[in-house]
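Residue numbers (full-length UniProt numbering): 1 to 256.
The C-beta atom is built at its ideal place from N, Cα and C for all residues, glycine as well.
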Amino acid sequence: MAIHEKTLIDADRLITSDKLVVDGVDVSGHWNTMILPRTLKDYDDDFETKIKTYSGAENVHRCWQCGSCTNSCTMYAQNTDFNPRYWIYLVRLGLKDEILKDKDIIWQCVSCNKCTNICPKDVRPEGVMKALAHWIEEEGYGSKSNSSIFDEEFTRQCLERGRIEDSEVMSNFFKNSKQDMMQMALHGWLGIFVARMNKWTELRQGNVFRFLSRTPIMHSLHMGLSMFIKPKTKSWGRTGDVLKQYVKEQKELAHG
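Structural data, given as structure tokens:
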């Protein structure tokens, strides 16, 4: 039987009596802490194999639980519940339900790759975190992260036209992620525009072209035009079909 670490002990299964005397000895307080028995039956022997089909998690079986990944983790320094070593441990045991308890924080990995660089067994913990996040999304246990929504839109344009248009990528990203594009524009794009327009001294000195070069007018016009005119890479029709078929086959090969 597997040996379980203390993280698997639920707090509500701990029992501590305020006053307890055993054979005339006062054992009140932490001395008398008892743990109700718990039987884990939800092992999935194929779970590790399933996670290994995702890109980046191929070496999860190499982990020997040294803890270097968690010790170097950027997110662990901010939130001690973010524990890559523990989640890899759960993957190897096949405890899906335990992993799903943390489904709201696993996606917070910032891909700094400190864990991957320090890992002595080349497990690539960053890849395992991404694999778990994708598994949670695909199985319907959580909503898609903004990064996945952006990746899907970016990939869609690449496959359809062999190129991307910044304005369309951002427009569809905001729409699919249900973010307020106008709010983002007012706090971001418009702020940049105003900051650049603040170079009135250039205009007063007669440097008209230099003044215009410091404003995003032309770039904005190009982005607006690209929303209506969507050119493809030359001869992309056949190439795109071949690439789409290849991507489809690879997904089926990896995930069935």
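For Asp18, which three-state DSSP category applies?
Asp18: coil per DSSP, three-state reduction.
Given 7 angstroms as the limit, tell me if Phe154 has its C-beta closer than that to any heavy atom belonging to the ligand MG.
Only the bare structure without any ligand can be found here, which leaves the ligand MG out of the picture.
Can you give me the start and stop residues for the alpha helix (DSSP H) that Tyr76 sits inside?
Where Tyr76 is concerned, the enclosing alpha helix (DSSP H) stretches over Thr74 to Gln78.
For Gly56 versus Val128, is the C-beta spacing smaller than 8 angstroms?
Yes, the Cβ-Cβ distance between Gly56 and Val128 is below 8 angstroms.
Enumerate in chain order the residues of its own chain whose CB-to-CB distance from His134 is below 8 angstroms, with the five nearest sequence positions on each side excluded.
Cβ within range, chain order: Tyr54 and Ser148.
Compare the C-alpha of Asp45 against each of Glu165, Arg92 and Lys114 and name the closest.
The closest CA to that of Asp45, considering only Glu165, Arg92 and Lys114, is found on Arg92.
Which of helix, strand or coil does DSSP assign to Asp26?
Of the three classes helix, strand and coil, the one that applies to Asp26 here is strand, per DSSP.
Can you give me the Cβ contacts of Asp42 inside the same chain, cut-off strictly under 6 angstroms, excluding the 5 residues immediately before and after it?
Here the set comprises Asp97.
Decide yes or no for the touch test of the segment 22-38 against the segment 74-92: beta carbon pairs closer than 8 angstroms, at least 3 of them.
Contact check between the segment 22-38 and the segment 74-92: fewer than three CB pairs, one atom from each, fall below 8 angstroms, which does not count as touching.
Examine the Cβ distances between the segment 67-85 and the segment 163-178 and report whether three or more of them are shorter than 8 angstroms.
With the cut-off at 8 angstroms, the segment 67-85 and the segment 163-178 do not touch.
So, using beta-carbon positions, are Leu100 and Tyr141 closer together than 8 angstroms?
Yes, these two residues count as a Cβ contact at 8 angstroms.
Beta-carbon gap between Lys103 and Ile136 smaller than 8 angstroms:
A contact, by the Cβ cut-off of 8 angstroms.
Mapping the DSSP letters down to three states, classify Tyr54 as helix, strand or coil.
Looking at Tyr54 - three-state DSSP - the assignment turns out to be coil, as it is neither helix nor strand.
Give every residue of the same chain whose Cβ lies closer than 7 angstroms to the Cβ of Leu14, excluding the five residues on either side of it in the sequence, and list them in chain order.
Result list for Leu14: Thr33 and Ile35, in chain order.
Hey, Lys121 and Cys63: beta-carbon distance below 8 angstroms or not?
It is a contact, given that the beta carbons lie within the stated cut-off.
Does the beta-carbon distance from Leu95 to Leu40 come in below 8 angstroms?
Contact: yes.
Leaving out five residues on either side along the sequence, give the residues of the same chain with a beta carbon under 7 angstroms from the beta carbon of Asn146.
Here the set comprises Ser177.
Taking the C-alpha atoms as reference points, what is the distance between residue 268 and Asp151?
Since the first residue of the chain shown is 1 and the last is 256, residue 268 is not available in this structure.
Other residues of its chain near Glu58: CB distance less than 6 angstroms, five sequence neighbours each side excluded:
Same-chain partners within the cutoff: Lys52.
By the 10 Å Cβ neighbour count, where 16 or more other Cβ atoms means buried, how is Lys234 classified, buried or exposed?
The residue is exposed, with fewer than 16 neighbouring Cβ atoms inside 10 Å.
Given a threshold of 16 other Cβ atoms within 10 Å of its Cβ, counted over all protein chains shown, does residue 296 qualify as buried or as exposed?
Outside the displayed range of the chain (1 to 256) lies residue 296, so it cannot be described from this structure.
From the DSSP secondary-structure annotation, give me the bridge partner or partners of Met34.
Among the bridge pairs identified by DSSP, Met34 is matched with Ile15.
Would you grab the beta carbon distance between Glu173 and Glu153 for me? Rounded to a whole angstrom, and I think it's under 8 angstroms.
This sequence places Phe at residue 173; Glu is not what is there. Taking C-beta atoms under 8 angstroms as the contact rule, Phe173 and Glu153 qualify, at a distance of about 5 angstroms.
For Tyr141, name the three-state secondary structure that DSSP assigns.
Residue state, collapsed to three classes: coil.
Which stretch, first to last residue, makes up the alpha helix (DSSP H) that contains Lys114?
Element bounds for Lys114: Lys114 to Ile118.
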